[in-house]
Amino acid sequence: MLIEHKHTALQWGALDLALFGIDRDWEGAPLDVPAAFGLATDTENFWFVASRRSPAHIHPDARPGQFTPELWKYDVAEFFLSHPASGRYLEFNLAPNGAWWSAEFTAPRVRAQEEDLPVPGVKTYADLSPDGSWLTAACIPLEILKARFDFGSETKINVTFIVESPQQRFLTASPAPAGIEPDFHHPDLLQPVQIHDGGLTFHNETPSV
């Protein structure tokens, strides 16, 4: 899973990073409108960017920048990031309007704490267009991810989406394991990161995610 490492601070409104498309759902059925995502680090933060050129059905309680449980019941972008040694992992949900939620797990679907404890220092951003297209981003302090999950070159990660609620179609950047129902917590979905120093340019051959 590709993460661009930028040597200057990224800023909302002037994000310079590659976006990768997901054009099929968990079962392999094609999407009329792909979803897209990008991952990056700069000098202080980890950035998660998600986008889709289609209207989203957003949780009715979701408010921009606010910590909101159960975003997964509606359209949402997500990433899962694991500690390379312990298997402990972070689930991070980001709604198209910038509402967010997070939880830590010690094993698949085993919460580290029953109560919700938001990751400190998270900032989110969103742009909802009149035609329904949306672009959203979250930045998380790198020092938090390093302290809690030993974030670095040995990290594993996956990006997922839920779209077209209430019917809901499940998307995953990593290949879905064959023969199982959609389960974003499946450990086989977590893939080693590839940290591309300096980011991508049009002169680079784009690595696979």
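Going letter by letter, the sequence shown gives residues 0 to 208 in numbering that gives the first Met the number 0.
A virtual CB, placed ideally from N, CA and C, is assigned to each residue, including glycine.
No experiment lies behind these values; they were computed from the predicted model shown.
Practice problem: Taking E142 as part of the alpha helix (DSSP H), name the residues at either end of that continuous run. | Solution: 141-148
Quiz prompt | Contact the stretch 137-147 vs the stretch 164-173: 3+ CB pairs below 8 Å | solution = no
Quiz prompt | Rounded separation between D126 and N96 - CA only | solution = 7 Å
Exercise. Would you decide whether T205 is buried or exposed? Buried here means 16 or more other CB atoms lie within 10 Å of its CB.
Key: For T205, the predicted model reports a pLDDT of 43, less than 50, meaning its position is unreliable and no value from the coordinates is stated.
Exercise. Determine the DSSP secondary structure at K5, reduced to helix, strand or coil.
Key: coil
Quiz item: Going by the beta-carbon positions, is the gap between T135 and L188 smaller than 7 Å?
Solution: no
Exercise. Would you please state the rounded distance, in angstroms, between the beta carbons of S81 and T171? I believe it to be under 8 Å.
Key: Going by Cβ atoms, the distance from S81 to T171 rounds to 15 Å, so no, they are not a contact pair.
Quiz prompt | Exposure label - R51; buried when at least 16 CB within 10 Å | solution = buried
Practice problem: Could you pull the start and end residues of the beta strand (DSSP E) that F91 belongs to? | Solution: 88-93
Self-check item: Assigned exposure category for H6 - 16 Cβ within 10 Å defines buried
Solution: exposed
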